[in-house]
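Just below is one structure, and these are the notes that go with it.
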Amino acid sequence: MDDRVRLTTDPREAAVALLDGHLAALPTETVYGLGARADLAAAVAQVYSVKGRPADHPLIVHIAGTNALEAWGASIPRYARTLADSTWPGPLTLVVNRTSAAQDFVTGGQNSVALRVSAHPIMSSVLAHLVKLTGNDSIGIAAPSANRFGRVSPTSASHVVSELAHFLSHDDVVLDGGECGVGLESTIIDCTGAHPRLLRPGAITADDVERLTGLECPAGSIVRASGTLARHYQPAATVRIVQAADLRDRRSLPPGAEAPAVGLLAMAGIATPAGVVRLAAPHSADEYARVLYAALREADALRLETIFAVAPEPAGIGAAVIDRLTRAAHNS
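So the sequence shown is numbered by the working numbering: it starts at 5 and just counts up by one.
Here is the structure:
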């Protein structure tokens, strides 16, 4: 690990850093987030600065439990409460109309706020310590993914360190909680209208939302939300989505390449062409989601020029994997 980074495994140490207005990279079940107290404008500004994130892009606020929902959200529809009660803690973010607790520097100037309760025990512990330290049961941590804007999200502390070491201060903390279990960002549901709308796919699907609420959950894009730009989650290598049959025509590297220049990300059972580096061979869509970002980062570490990706079937979290691959491949 980089000795410029303050690495810890102590949730309380991270909570104290947040209390004092510093940043903490925190593990969740989805990806690592770069956290700041959501009520401190200067701290949140540092999140935007470290990430290189546009100021009009809202942040997800992590709260300790459903009891804090009322403090941040106003005029919350019944179906949103149902989703919170049914899925929190878990990989679902709800966008609701905001109260005065959610200020413009967190919401990107919108009249809504994105809220989540993480299922990761270490993230829960950080929030519990922060609640105790502040005496505020509804304290929130604004935490987008802990990477530079538009790049590949981190699923381990080492990913955070390798990308942000040059941008974090000596007072900031990286909390090592191991590898993320889900591996893709949370599902985002817009709950500001009469029915739910899917803004970003994730482990919890639109079908899950419809089953829980009894309401249709179409795709929507009016509200700005994290990770919804057409071009996002991009490694330095060019990502090309291909069919397994396409690989028959790409069995050799470009002439003169001094090192392997092409990588493959595909389900187990799909053969690796000669001269191509196999980045991952997941056996399920869930495993594909879990290893996707690490595989993209490995491709960059190996200085591969191109990544061929054979997408999984679109059922379940497979739809979210396809979404991330499509954005990673945009303009390739």
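Yeah, the Cβ is synthetic: ideal placement off N, Cα and C, and Gly gets one too.
- Between Val100 and Ile80, the gap from beta carbon to beta carbon is short of 8 Å.
- Looking at the DSSP output, Val281 sits in a beta bridge with Gly267.
- Straight across, the Cα-Cα distance linking Pro158 with Val325 is about 15 Å.
- Secondary structure note for Leu179: its beta strand (DSSP E) is the uninterrupted segment 177-179.
- If you look at Ala275, you'll find it isn't in any alpha helix (DSSP H); DSSP assigns it neither H nor E.
- Contact annotation: Tyr83 and Thr209 have beta-carbon atoms that are not nearer than 8 Å.
- Ala198 sits in coil when the DSSP states are folded into three classes, being neither helix nor strand.
- Inter-residue distance for Ala272 and Ala42 is about 42 Å (C-alpha atoms, whole angstroms).
- With fewer than 16 other CB atoms across the displayed protein chains lying within 10 angstroms of its CB, Ser104 is exposed.
- Under DSSP, Gln238 takes part in a beta bridge, and its partners are Arg155.
- In the DSSP secondary-structure assignment, Asn101 is bridged to Ser116.
- According to the DSSP assignment, Gly39 belongs to the beta strand (DSSP E) that extends over 37-41.
- As far as DSSP is concerned, Gly218 takes part in no beta bridge.
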